[in-house]
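> Got a structure for you, written out below as structure tokens; questions coming shortly.
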Amino acid sequence: MRTTHPPDRFPKPKQKNDRKPAPWRLRIHEIIFEADTPSGKFFDIALIIAIILSVITVMFDSVATIREQYGQALYIIEWFFTLLFTLEYLLRILSLGNPARYIRSFYGVVDLISILPTYLSLLVPGSQYLMVIRVLRLLRVFRILKLAHYMNEAEFLLKAMRGSFRKISIFLFFIMTLVLIFGSLLYIIEGDESGFTSIGVSCYWAITTLTTVGYGDISPQSPLGRAFASVIMVLGYGVIAVPTGIVTAELVSPITGKVSTQACPACGAEKHSYDAVFCKYCGTELNADQDPD
176 MRTTHPPDRF PKPKQKNDRK PAPWRLRIHE IIFEADTPSG KFFDIALIIA IILSVITVMF
236 DSVATIREQY GQALYIIEWF FTLLFTLEYL LRILSLGNPA RYIRSFYGVV DLISILPTYL
296 SLLVPGSQYL MVIRVLRLLR VFRILKLAHY MNEAEFLLKA MRGSFRKISI FLFFIMTLVL
356 IFGSLLYIIE GDESGFTSIG VSCYWAITTL TTVGYGDISP QSPLGRAFAS VIMVLGYGVI
416 AVPTGIVTAE LVSPITGKVS TQACPACGAE KHSYDAVFCK YCGTELNADQ DPD
């Protein structure tokens, strides 16, 4: 008598890819992408040193006297770093299960741009294109942007900048309104005799005065115009202080953390941390059943 096995009532879902990555790929990924491991830290430090040295090479190559004397050596060093970063770029692609995401990412584009100019120089023959090649070679300076990829502080700073973007935008809109008002007033007060030939020129003067640059190419001559200029000079300090304060507040807010609304039963002090057990002023035990949410 033949027996048949009943089909599974709940079949297992098919996995897209049950194969585990090869050990060598996992090892490369650990070295290149894992910054907390000893090998990853060593790789990051070595890569940062290579990036700095490559940018220094570009800077030396831009000096005519150094290029005439050490041009061949700089050319060899340039190709050494190009091949080194090319190998790094290929290893990053090979070590990832989804390399397309890395290739389309910001740092993937930066990695590619940093190695392309040297290869493009081989495809452009003729001395008439040397200046174009030199401009393309300056793109290698984008390697310095990769330094931020290995610094946690850079991400912390970017979050603060994003958090303060709207406040700074409103402040800049207010400043540009003041520039237009003061520029128009100075154009009416001073006129062509003092160099304020148009509202645009007057706004240019207001911007240089507000930002405390003060080129001195044009300046008000009448007493009333100088009075307005004095007001703009004083306001110029706020142009620097206000955005700095906004960004600083965003930087400090994650560090200070949230505070609870519970008050000390003894002294009535407030603004304790959520994990506080005792009052930070008198030492009395706080209510333990406070819900932080």
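Quick note, the numbering used here runs 175 ahead of the 1-based positions in the sequence shown. In this text, a Cβ means the ideal position worked out from N, Cα and C, and glycines have one as well. Remember, it's a predicted structure, so these values are computed and weren't measured experimentally.
Between ILE343 and PRO274, is the Cβ-Cβ spacing less than 8 angstroms?
Along the sequence shown, one-based indexing puts residue 343 at 168. Along the sequence shown, one-based indexing puts residue 274 at 99. No, they are not a contact pair.
> Report the rounded CA-to-CA distance for GLU253 versus THR386, giving the unit in angstroms.
Indexing the sequence shown from 1 puts residue 253 at position 78. Indexing the sequence shown from 1 puts residue 386 at position 211. When rounded, the distance between both Cα atoms is 40 angstroms.
> Return the chain-ordered ranges of every beta strand (DSSP E) run that is complete within the segment 342-366 and spans a minimum of 3 residues.
DSSP runs (the beta strand (DSSP E)) wholly in the segment 342-366: none.
> Kindly provide the ranges of any alpha helix (DSSP H) runs that are 4 or more residues long and lie completely inside the segment 358-431, ordered along the chain.
Within the segment 358-431, the complete alpha helix (DSSP H) runs of at least 4 residues are 374-385 and 398-431.
> Compute the distance between the beta-carbons of PHE403 and LEU361, then report whether it is under 8 angstroms.
What you label residue 403 is simply residue 228 of the sequence shown in a count that begins at 1. What you label residue 361 is simply residue 186 of the sequence shown in a count that begins at 1. In contact: PHE403 and LEU361 (Cβ atoms closer than 8 angstroms).
> Assuming contact is defined by CB atoms lying nearer than 8 angstroms, are ARG200 and SER270 in contact in what I supplied?
Position 25 of the sequence shown holds residue 200. Position 95 of the sequence shown holds residue 270. Contact: yes.
> Quick check: THR257 and ILE223, are their CB atoms within less than 8 angstroms of each other?
Position 82 of the sequence shown, counted from the start, is the residue given in the question as residue 257. Position 48 of the sequence shown, counted from the start, is the residue given in the question as residue 223. Taking 8 angstroms as the Cβ cut-off, THR257 and ILE223 do not qualify as a contacting pair.
> In or out: ASP450 buried (at least 16 other Cβ within 10 Å) or exposed?
In the sequence shown, counting from the first residue as 1, residue 450 sits at position 275. Exposed.
> Are TYR264 and LEU287 closer than 8 angstroms when you measure CB to CB?
Taking the sequence shown and counting its residues from 1, one reaches residue 264 at position 89. Taking the sequence shown and counting its residues from 1, one reaches residue 287 at position 112. Contact: yes.
> For SER448 and ILE278, what's the separation of their Cα atoms in angstroms?
Indexing the sequence shown from 1 puts residue 448 at position 273. Indexing the sequence shown from 1 puts residue 278 at position 103. Cα to Cα, the separation comes out at about 43 angstroms.
> With a threshold of 8 angstroms, are at least 3 pairs of Cβ atoms found where one atom belongs to the segment 330-343 and the other to the segment 359-377?
They do not touch, by the three-pair rule.
> Residues bridged to GLU460 by DSSP?
Numbered from 1 along the sequence shown, position 285 holds the residue referred to as residue 460. Answer by DSSP bridge pairing, in chain order: PHE453.
> Could you give the DSSP three-state label for SER448: helix, strand or coil?
As a position in the sequence shown, residue 448 is number 273, starting the count at 1. Three-state result, SER448: strand.
> Considering only the alpha carbon of each residue, which of PHE218, PHE260 and SER229 lies closest to ALA469?
Examination of residue 469 is not possible in this model, given that the chain is present from 176 through 468 alone.
> Within a Cβ cutoff of 6 angstroms, which residues of the same chain sit near GLN303, ignoring the five residues on either side of it in sequence?
Along the sequence shown, one-based indexing puts residue 303 at 128. Bear in mind that a pLDDT of 41 at GLN303, under 50, signals an unreliable position, so the number given afterwards is only what the model happens to contain. Nothing listed; no residue qualifies.
> Suppose the cutoff is 7 angstroms on Cβ atoms and the five residues either side in sequence are ignored; what does the same chain contact list for GLY389 look like?
Start at 1 with the first residue of the sequence shown, and residue 389 comes out as number 214. Excluding sequence neighbours, GLY389 sits near THR383.
> Can you tell me which of ILE350, SER377 and PHE281 puts its alpha carbon nearest to the alpha carbon of GLY413?
As a first step, residue 413 is located in the sequence shown; it is residue number 238 there, counting from the start. Among ILE350, SER377 and PHE281, the Cα nearest to that of GLY413 belongs to ILE350.
> Should GLU425 be labelled buried (16 or more other beta-carbon atoms within 10 Å of its own) or exposed?
As a working note, residue 425 is residue 250 in the sequence shown. Burial call: buried.
> Once DSSP output is grouped into helix, strand and coil, what is the label at GLY272?
For the purposes of this step, residue 272 is taken as the residue at position 97 of the sequence shown. If DSSP states are grouped into helix, strand and coil, GLY272 belongs with coil.
> Taking the alpha-carbon of GLN396 as reference, which of CYS378, VAL406, ALA416 and PHE371 has the nearest alpha-carbon?
Residue 396 sits at position 221 when you count from the first residue of the sequence shown. The shortest C-alpha separation from GLN396 is found at PHE371.
> Cβ atoms of ALA381 and GLY400: under 8 angstroms apart, would you say?
On the sequence shown, residue 400 is found 225 positions in, with the first residue counted as 1. On the sequence shown, residue 381 is found 206 positions in, with the first residue counted as 1. No, these two residues do not count as a Cβ contact at 8 angstroms.
> Run through DSSP, which three-state label would ALA239 get?
Along the sequence shown, read from residue 1 onward, the residue named residue 239 stands at position 64. DSSP places ALA239 in helix when its eight states are reduced to three.
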